[in-house]
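Trainee:
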Amino acid sequence: MYAITIPQPGGPEVLTWAEVADPVAGDGEVVVEVAATAVNRADVMQRRGHYDPPPGASPYPGLECSGRIAEVGPGVSGWSVGDEVCALLAGGGYAEKVAVPAGQLLPVPKGVDLVTAAALPEVTATVWSNVFMVAHLRPGETLLVHGGSSGIGTMAVQLAKAVGATVAVTAGSAEKLAACRELGADILVNYREQDFTEAVTPDVILDIIGAKYLQRNVDALAVNGRLVVIGLQGGTKAELNLATLLSKRAAVAATSLRPRPREEKAAIVGAVREHVWPLIEAGAVRPVVDRTMPLVEAAEGHRVVEESTHIGKVLLTV
Numbered sequence: 001m002y003a004i005t006i007p008q009p010g011g012p013e014v015l016t017w018a019e020v021a022d023p024v025a026g027d028g029e030v031v032v033e034v035a036a037t038a039v040n041r042a043d044v045m046q047r048r049g050h051y052d053p054p055p056g057a058s059p060y061p062g063l064e065c066s067g068r069i070a071e072v073g074p075g076v077s078g079w080s081v082g083d084e085v086c087a088l089l090a091g092g093g094y095a096e097k098v099a100v101p102a103g104q105l106l107p108v109p110k111g112v113d114l115v116t117a118a119a120l121p122e123v124t125a126t127v128w129s130n131v132f133m134v135a136h137l138r139p140g141e142t143l144l145v146h147g148g149s150s151g152i153g154t155m156a157v158q159l160a161k162a163v164g165a166t167v168a169v170t171a172g173s174a175e176k177l178a179a180c181r182e183l184g185a186d187i188l189v190n191y192r193e194q195d196f197t198e199a200v201t202p203d204v205i206l207d208i209i210g211a212k213y214l215q216r217n218v219d220a221l222a223v224n225g226r227l228v229v230i231g232l233q234g235g236t237k238a239e240l241n242l243a244t245l246l247s248k249r250a251a252v253a254a255t256s257l258r259p260r261p262r263e264e265k266a267a268i269v270g271a272v273r274e275h276v277w278p279l280i281e282a283g284a285v286r287p288v289v290d291r292t293m294p295l296v297e298a299a300e301g302h303r304v305v306e307e308s309t310h311i312g313k314v315l316l317t318v
């Protein structure tokens with residue numbers, strides 16, 4: 001088969017379409033013939049040499065895909081060759097085929113085409129696991145989403161609204177904020193012009209920035225608030241006034257999805273299928289796709305994501 005490889009760390013131009021060995025379905029795995037994958041920040045970090053795949057994972061980028069099952073390995077039940085699926089991956093989505101643990105498979109939701117389904121696994125698993133399984137967002141509470149127009153952000157806005165929360169977002173342009181409003185966001189903050197701590201007192205914050213926002217996030221939280229850090233775009237080290245955290249009886253959590261054991265990923269994927277898939281099939285939540293381009297043009301997809309001009313997901317088709 002062919003895959004996008006990374007012969008050496010560097011800019012988008014290092015991404016190379018090359019012939020590689022076909023994957024084999026191991027115990028409890030299937031091989032998926034990939035229809036589409038998506039560009040995630042983790043792929044960009046891996047290309048730069050800052051985020052190695054977990055042990056045993058495919059060396060190729062791509063943390064999600066959609067496609068059809070081409071091979072079913074031993075110990076797999078409930079899935080058959082030809083089934084249309086999308087999947088959460090530890091890597092390998094930028095390829096014509098990928099081996100996937102069966103617990104990380106999802107059926108393509110009714111009403112969603114096969115290519116667009118590639119926009120769903122990573123964002124739904126990330127948002128559901130962090131906003132609901134870790135932070136326990138409840139109806140009537142307020143969620144603040146940093147980067148509201150990103151793939152994760154657009155899904156977080158919709159899922160929080162679907163369960164009856166108020167949603168605030170930060171973004172860097174009027175166009176991005178307008179897109180968030182269309183998805184249901186109630187409070188819009190242009191971070192270039194306004195301090196979010198003056199605009200909202202959230203019960204839960206979903207943060208992709210990290211160090212740069214740490215103290216301000218805690219300052220903004222409501223009493224009994226929960227901050228979940230899932231990205232480090234603003235750095236890795238910061239000083240925090242613990243007195244503020246104590247006075248608010250607040251909690252700070254930090255999680256990553258890619259290196260988790262298969263069993264944990266399977267539990268998250270199962271929760272997504274139970275809670276999120278019905279919302280998608282009912283039309284209450286939808287994937288947001290900025291653009292679709294061929295996988296062989298993955299370098300251009302990375303440039304788009306690095307420029308942060310997109311709204312929602314950038315997909316790559318095989």
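With full-length UniProt numbering applied, the sequence shown covers 1 to 318. Here a beta-carbon is modelled for each residue, glycine too, at the ideal position from N, C-alpha and C. Source: prediction; values computed, not measured.
#1: Which residues in the same chain as Leu245 place their Cβ atom closer than 6 Å to its Cβ, once the five residues preceding and following it in sequence are excluded?
#2: For my contact list, Val24 and Ala99 are in at a C-beta cut-off of 8 Å; report their separation, rounded to the angstrom.
#3: What's the C-alpha gap between Gly67 and Ala35?
#4: Quick one: what's Lys313 bridged to in DSSP?
#5: Which full runs of the alpha helix (DSSP H) of 4+ residues lie inside the region 30–76, going along the chain?
#6: Look up Ile152 in the DSSP assignment and say whether it is helix, strand or coil.
#7: Would Val223 and Asp207 qualify as a contact pair, given that the criterion is a beta-carbon distance under 8 Å?
#8: Is Pro294 helix, strand or coil by DSSP?
#9: Looking at the strands, I want to know which residues DSSP matches up with Lys19.
#10: Straight-line CA distance for Val318 to Thr201?
#11: I'd like the ranges of any alpha helix (DSSP H) spanning at least 4 consecutive residues and lying wholly in the region 180–248.
#12: Does DSSP classify Glu141 as helix, strand or coil?
#13: How big is the Cα-Cα spacing for Ala254 and Arg226?
#14: Just list the residues that DSSP pairs Val112 with in beta bridges.
#15: Please list the terminal residues of the continuous alpha helix (DSSP H) segment that includes Lys124.
#16: Determine the DSSP secondary structure at Gly278, reduced to helix, strand or coil.
#17: Do three or more CB pairs link the region 277–295 to the region 99–113 at distances below 8 Å?
#18: If you measure between the beta carbons of Gly91 and Tyr60, is that distance less than 8 Å?
#19: Excluding the 5 residues flanking Lys237 on each side, which residues of the same chain have their C-beta closer than 8 Å to its C-beta?
#20: Which same chain residues end up closer than 7 Å to Pro7 when comparing Cβ atoms and leaving out the 5 residues on each side of it in sequence?
#21: Could you tell me which of Val288, Val72, Thr292 and Val39 sits nearest to Ile311, measuring between CA atoms?
#22: Under the three-state reduction of DSSP, which class applies to Glu84: helix, strand or coil?
Mentor: Let's see:
#1: The residues are Val218.
#2: Separation of the CB atoms of Val24 and Ala99 is rounded to 7 Å, and the pair is thereby assigned contact status at 8 Å.
#3: 4 Å
#4: Val289
#5: 41–48
#6: Reduced to three states, the DSSP call for Ile152 is helix.
#7: The answer is no: Cβ separation not under 8 Å.
#8: In this structure, Pro294 counts as strand in the three-state DSSP scheme.
#9: The residue you asked about is not Lys; residue 19 is Glu in the sequence shown. Answer by DSSP bridge pairing, in chain order: Tyr2.
#10: About 44 Å.
#11: 214–220 and 242–248
#12: coil
#13: 11 Å
#14: DSSP output for Val112 lists no bridge partner at all.
#15: Inspection of the sequence shows that residue 124 is occupied by Thr rather than by Lys. Pro121 to Val127 is the span of the alpha helix (DSSP H), which, as asked, contains Thr124.
#16: Checking the sequence shown, residue 278 turns out to be Pro, not Gly. Three-state DSSP puts Pro278 in a helix.
#17: Touching, yes.
#18: yes
#19: Ala211
#20: Within the same chain, Val14 and Thr16 come within 7 Å of Pro7 by CB-CB distance, once the 5 residues on both sides are set aside.
#21: Val288
#22: strand
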